[in-house]
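S.K.: Take a look at this one; I'll ask things after.
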Amino acid sequence: MDLRNNHGIYIGLQPQSEGVIGTPFLFEDMVKAHIFLDNGKDHDNVMINFYPEKGEVFVKLSNNHIVSPELKNIQKIVINDSKDIYKPKSIKGRHEIVQILAEDEEEEFVAHKYKKFQKATIGGAYNTTSNLDEYKDVIYYYIIKNGILEEIKQNNSGLKSLAGDNWRTVKSFINENSLDWSKPSDVIQIYSLYRK
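So that you can map any letter, position 174 of the sequence shown is 174 in UniProt numbering, and since no number is skipped, the others follow by simple counting.
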């Protein structure tokens, strides 16, 4: 199964559009990863991808053999190149794969990524927008502490949740360093400042 060229089986495309930009999968192409299972077994250098819409992981065992293990059986997935760590977590009552940005004995700071399908704007004499459907990246950030999930919004409210009365200091740090909420690597810096 070609995960890139068969994503139409998951979502109907607008017939009038001229094509699609992006993919509903987290990565444009499958990536090499190390998967650790709850039963103690692990599989290194396997090709994987995530399908956020359904909370699924696809693992390529051979050219014509792709499986989707249940999230409850996965302990963690480490992406070979970036060393990013992904784990299954319950997000608003549903099992999802999230990126672990930071964790200690007290709490975990995670990024929940998914793809939003935006249909092309078709028609209109003065329409200058793209005639292409597009999968856009969307990221939500959460702190998980004592089993309680708290969303960290990407605005002043979120900064107040993180830093309390020091939120203006954190905001200045973001502006001075041109940090971007759409980049988890930048958001880790924001979180690290709060944790100091």
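No residue lacks a Cβ here, since even glycine has one placed at the ideal position from N, Cα and C.
Compare the beta carbon distance of P24 and E53 with 9 Å and say whether it is the shorter of the two.
M.R.: It is a contact, given that the beta carbons lie within the stated cut-off.
S.K.: Tell me whether D84 sits in a helix, a strand or coil according to DSSP, three-state version.
M.R.: D84: coil per DSSP, three-state reduction.
S.K.: Whole angstroms are fine: how far does the CA of V138 sit from the CA of L159?
M.R.: If you take the alpha carbons of L159 and V138, they lie about 19 Å apart.
S.K.: Quick one, which of E108, A111, D133 has its alpha-carbon nearest Q118's?
M.R.: The shortest Cα separation from Q118 among E108, A111, D133 belongs to D133.
S.K.: Taking DSSP as the reference, what is the three-state secondary structure of D44?
M.R.: In the structure shown, D44 sits in a strand (DSSP, three-state: E or B).
S.K.: Nearest by alpha-carbon distance to S82: which of Q99, P88, V67 is it?
M.R.: Nearest of Q99, P88, V67 to S82, Cα basis: Q99.
S.K.: Is the beta carbon of Y135 closer than 9 Å to that of H112?
M.R.: Not in contact: H112 and Y135 (Cβ atoms no closer than 9 Å).
S.K.: Of all the options I79, S185, E56, G40, which has the alpha carbon lying nearest to the alpha carbon of M47?
M.R.: Taking only the C-alpha atoms, the option nearest M47 is I79.
S.K.: Quick one, which of L179, F173, S90 has its alpha-carbon nearest I148's?
M.R.: Ranking L179, F173, S90 by Cα distance to I148 puts S90 first.
S.K.: Any idea which residues DSSP pairs F50 with across the strands?
M.R.: DSSP lists V57 as partners of F50.
S.K.: Whole angstroms are fine: how far does the CA of G55 sit from the CA of I97?
M.R.: Those two C-alpha atoms are separated by around 6 Å.
S.K.: Apart from the five residues on each side of it in sequence, which residues of its chain come closer than 8 Å, Cβ to Cβ, to L61?
M.R.: Around L61: V46, V67.
S.K.: Kindly identify the DSSP beta-bridge partner or partners of residue 215.
M.R.: The structure shown has nothing for residue 215, since the chain only spans 1 to 196.
S.K.: Whose C-alpha, out of G93, K116, Y140, H95, is nearest the C-alpha of L101?
M.R.: L101 has its Cα closest to that of Y140, out of G93, K116, Y140, H95.
S.K.: Under 9 Å between the Cβ atoms of I35 and K76?
M.R.: Yes; because the gap between Cβ atoms is below 9 Å, this pair is in contact.
S.K.: If you follow the beta strand (DSSP E) that A120 is part of, which residue opens it and which one closes it?
M.R.: Where A120 is concerned, there is no enclosing beta strand (DSSP E), given that its DSSP letter is neither H nor E.
S.K.: By the three-class DSSP mapping on this structure, what secondary structure does L179 have?
M.R.: Of the three classes helix, strand and coil, the one that applies to L179 here is coil, per DSSP.
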